[in-house]
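Worksheet for the structure shown next.
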Amino acid sequence: MAGNDLGRLFGGLLGGSGSGGNGGAGSGDLLAALLGALGSGGGDSLGGLLQQLQEGGLGAKARSWVGTGVNEPVSGAEVAQALPYQELDLVARQAGLTPEQAADRLAVALPEAVDRLTPQGEVPAGSWEELLAKVR
């Protein structure tokens, strides 16, 4: 599936079109770009992304997004620290944003996206495309 299609699916998941109204990419597009950038490191699945966040120090917060309780908020600075800078910079450039702006938008989108993809409180197996197809 092309990144643009994945962006639209994430945008639909997050309740928007996937495109930003201020000349930048929407949350869905940013998530799709992030997943593409992380894909070579195992980020082609929800489990891969969560592993990356855990290794980056966001394990407890990421687990709260998977669980059935309250989602702990995360800041853009925390997202920026948890993700490899090269990937965040690439995502930001593709979206026409600074890395800080991209991290701030991802900080809002990630908890909601992970929460919606794990309604039973467990990380399902499968690629992003397979998971998003189940929640559309």
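Going by our numbering, the first residue of the sequence shown is number 665, and it counts up by one from there. Beta carbons: idealized from backbone N, C-alpha and C, even for Gly. Model, not experiment: these values are computed from the prediction.
Non-local beta-carbon contacts of Leu795 in its own chain, meaning distances under 7 Å to residues more than five positions away in sequence, involve Leu710, Leu781 and Pro788 in chain order. Within the same chain, Cβ atoms closer than 7 Å to the Cβ of Leu694 are found at Val755, Ala759, Ala766, Arg769, Leu770 and Ala773, the five residues on either side in sequence being excluded. Between the alpha carbons of Gly731 and Leu761 lies a distance of about 31 Å. Sequence-distant partners of Gln745 (beyond 5 residues in either direction) whose C-beta falls short of 8 Å from its own C-beta, in its chain, are Gly720 and Gly721. Taking C-beta atoms under 8 Å as the contact rule, Pro775 and Pro737 qualify, at a distance of about 7 Å. DSSP places Ser739 in the coil class of the three-state scheme, outside both helix and strand.
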